[in-house]
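Participant:
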Ligand SMILES: [Zn+2]
């Protein structure tokens, strides 16, 4: 019996892996698992015990109950969806629906040239393996590419001079919108972090001199 259980779970996993990035519904998953009645339990096991980051409506507002999504085959041990929909929405809003690592926005064309538009997920600022938690202040919006550690393959950043000349030529209301966006972005994370970093360095220097 346990062999059969393993079999259906394995088949469900294969089905998810063959459909990465696609929203799957319960019926399809059950069929993939040879009609096993406990397919939902198998999905939970894949997520909680084997670390496959299978998302459901509890993780993403755009998924309906009964829909599941595996966005990556990267396994995260101890992956749990402790992050509520509300927290997720709040963090995304705070971060202006923009990846806090590379700056792409939700719905932008894939900077790597892929067929799908940019989707954001939540990443931990301090990794959970290093003691980070699921609180909103330890979470930030990141795109799937950055979340999977692919940020090194991002296209080159625009040059500052070129960027400033673009901004100077932009309409005033666009400049104001940009200012608002920047204020919103830096109010929350980078400024504070930088301030902390500088303080930390000063302290270290003083201590080192003694
Ligand atoms: Zn990114």
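In the working numbering, the protein residues as written are 170 to 379. Just so you know, even glycine gets a beta-carbon here, dropped at the ideal spot from N, CA and C.
Where in the segment 172-258 do unbroken runs of the alpha helix (DSSP H), each at least 4 residues long, occur, reported from the N-terminal end onward?
Facilitator: Whole alpha helix (DSSP H) segments, 4+ residues: 195-201 and 208-217.
Participant: Is residue 205 close to ligand 1? I mean its beta-carbon at under 6 Å from any heavy atom of the ligand.
Facilitator: Checking the Cβ of residue 205 against ligand 1 gives no.
Participant: Taking 6 Å as the cut-off, does the CB of residue 273 come closer than this to any heavy atom belonging to ligand 1?
Facilitator: Yes.
Participant: Which ranges does the alpha helix (DSSP H) cover as unbroken runs of at least 4 residues, wholly within the segment 287-362, from first to last along the chain?
Facilitator: Within the segment 287-362, the complete alpha helix (DSSP H) runs of at least 4 residues are 313-316, 329-338 and 341-357.
Participant: Use the C-beta contact count for residue 267: other C-beta atoms within 10 angstroms, 16 or more gives buried, fewer gives exposed.
Facilitator: Label assigned to residue 267: buried.
Participant: Whole angstroms are fine: how far does the CA of residue 348 sit from the CA of residue 341?
Facilitator: Going from the Cα of residue 341 to the Cα of residue 348 covers about 10 Å.
Participant: If we ignore side chains and look at the alpha-carbon of each, how far apart do residue 309 and residue 189 end up?
Facilitator: Rounded to whole angstroms, residue 309 to residue 189 spans 23 Å at the Cα level.
Participant: Among residues of its own chain, excluding the 5 on either side of residue 252, which ones have a beta-carbon nearer than 8 Å to its beta-carbon?
Facilitator: Taken in chain order, the residues that qualify are 228, 291, 303 and 308.
Participant: Going by the DSSP bridge assignment, what does residue 275 pair with across the sheet?
Facilitator: Note: residue 275 sits in no beta bridge, so no partner.
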